[in-house]
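Input: a single structure, listed below in structure tokens.
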Amino acid sequence: MDTLRRPLIAGNWKMNLDHLQSIAFVQKLAWALKDANYQANEVEIGVFPPFTDLRSVQTLINADSLPFALGAQDLSMHDEGAHTGDISGAFLRALECEYVITGHSERRADHGETDEVVAAKTHAAIKHALVPIICVGESAEDLELHGASKVPCDQLRVVLASLAPTDTYVVAYEPIWAIGSGQAATSSQAQDVARALRDVIRELHGDSAADSTRILYGGSVKSGNIAGFMKKDDVDGALVGGASLSVDEFSAIARFPQHVTLDQEN
Ligand code: PGA
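My numbering puts the first residue of the sequence shown at 27, with every later residue one more than the last.
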């Protein structure tokens, strides 16, 4: 974590919580953070509900001025038209989404999204004034064959080729073997790959983009291991799946500055 980059803790709910449950959850999360004296200027919190919840969560955030950025989990590469079931970035922007996740490994696996599709979706996000959170990561097999950095760096290169150096984006390093497995990468592994990804940004988009772009780690992040990740220079936050569905866990992760000084490694 570099003090120039405001950390981002992003909760990817995946296909969990309907719109009624989302309202109760966001209210409880806001109360828990307020009680714990959460400082919004220190850490940005994003919530990424399913599409059907976005309007409810947006209304709640606005009505109660809650300190949460809203994001979606996916978008179409197209702006509008005959694309049954797809959601345009323009619609997300109209709901005041700030962020959208692109290239999550579950979409790559479930929907056959290639690097080129991820690049087109990321480009569409920028076009609609959304900040894409570009997910990259290697499988256990890739790790064995090529080490940790090669596949994520290759994936990032394809996506960055579709963007301009002045575009704002976030990168999330999510090793597939760590997602939902309870087996997080070590903080040193996360740091090594985050550094390699930052080097790719530097090579393709220059120093200013490399120094300002936030790189998140994702994969079995919990309140017990967040401090170790956040102590690393090139890790600027976390993309949290399972633990983002627990108010206690997610609020503890977002309050990592209160426990980051503990001598905690993972
Ligand atoms: P996890 O998921 O925290 O449940 O491992 C992370 C993600 O898929 O973004």
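Even for Gly, the Cβ is constructed at its ideal location relative to N, Cα and C.
All values derive from a computational prediction rather than experimental measurement.
In this structure, the alpha-carbon of Ala235 lies about 20 Å from that of Ile35. For Asn42, the shortest separation between its Cβ and any heavy atom of ligand 1 does not lie below 6 Å. Contact between the region 189-196 and the region 232-246 is established, with three or more Cβ pairs separated by less than 8 Å. Annotation note: the region 209-292 contains the following uninterrupted beta strand (DSSP E) runs of length 3 or greater, listed N- to C-terminal: 240-244 and 263-266. Between the C-alpha atoms of Asp259 and Met27 there is a straight-line separation of about 5 Å. If you draw a 10 Å sphere on the C-beta of Asn63, you find fewer than 16 other C-beta atoms in it, and that means exposed.
Classified as exposed, Lys54 has fewer than 16 neighbouring CB atoms from the shown chains inside 10 Å of its CB.
Here DSSP, grouped into helix, strand and coil, assigns Leu189 to coil.
In the DSSP assignment, Phe94 falls within the beta strand (DSSP E) that extends over Phe94 to Ala98. Per DSSP, reduced to three states, the secondary structure at Ala174 is coil, with no helix or strand assignment. Beta-bridge pairing by DSSP links Pro158 to Val126. Beyond the five residues adjoining it in sequence on each side, Leu121 comes within less than 7 Å, by CB distance, of Leu80, Arg81 and Gln84 in the same chain, given in chain order.
In this chain, the alpha helix (DSSP H) harbouring Ile49 covers His45 to Asp61. Taking a C-beta distance under 7 Å as the contact criterion, Ser131 and Ile241 do not qualify as a contact pair.
Secondary structure at Ala198: strand, using DSSP grouped into helix, strand and coil. Ranking Asp90, Gly97, Ala211 and Ala253 by CA distance to the CA of Gly163 puts Ala211 first.
Note on geometry: alpha-carbon atoms of Ala151 and Val197 lie some 14 Å from one another.
Secondary structure of Ala36 (DSSP, three-state): strand.
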